[in-house]
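Numbering (my numbering), first residue to last: 76 to 152.
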């Protein structure tokens, strides 16, 4: 089944926000805004890859911290 590009983007964003909620230690409850794409949000929260998506390696906490520090340093210039 073909999915419109805009709908696919919304599913992807819902999935990413679900992953971020898990990283932020939030509870596994779909926020009101994402109810239309609740399945994708929950898949992201549970770490389930989206169908048809390439398997990307997760960004490690150390690399994430380095990127955050770099962004802060650039902001001071």
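The beta carbon of each residue, even a glycine, is placed where N, CA and C say it ideally should be.
It should be emphasised that the depicted structure is a prediction, and the values quoted were computed from it without experimental measurement.
- Here residue 112 is buried. Its C-beta has 16 or more other C-beta atoms within 10 Å.
- DSSP places residue 121 in the helix class (H, G or I) of the three-state scheme.
- When rounded, the separation of the alpha-carbon atoms in residue 110 and residue 91 is 14 angstroms.
- Per DSSP, reduced to three states, the secondary structure at residue 89 is helical.
- Residues 86, 89 and 90 of the same chain have their beta carbon placed closer than 6 angstroms to that of residue 115, with the five preceding and five following residues left out of the count.
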